[in-house]
Amino acid sequence: MLTERQGKRLPQWLDAVRQDDLPSLHTLAAGIDRDRDAVLAGLTLPWISCAVEGHQGRVVQVMCPG
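Numbering (the working numbering), first residue to last: 19 to 84.
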């Protein structure tokens, strides 16, 4: 799903996770469900946020040197 931008598979993946006996993944699935639109956008849209993440990293370095 991640490398091939196959967000359309997300609902099936979430259903499969809920059927497994893995409580930690159930928590992850619940979090993804709460922000499903954003997750789907991240898995399907061609835009990337590398420049934004780079600026965020520099801000963190300035605020938290160490």
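Even glycine gets a Cβ: it sits at the ideal position worked out from N, Cα and C. Nothing here was measured: the structure is a model prediction, and the numbers come from that model.
Beyond the five residues adjoining it in sequence on each side, Thr62 comes within less than 7 Å, by CB distance, of Arg23, Gly25 in the same chain, given in chain order. Annotated as proximal: Asp51 and Leu32, with beta-carbon spacing under 8 Å. Residue nearest to Leu28 within the set Leu46, Asp39, Pro41 is Leu46 (criterion: CA-CA distance).
For Pro64, there is no enclosing alpha helix (DSSP H), as DSSP gives it neither H nor E.
Linking Val35 to Cys82 through their CA atoms gives a straight-line distance of about 37 Å.
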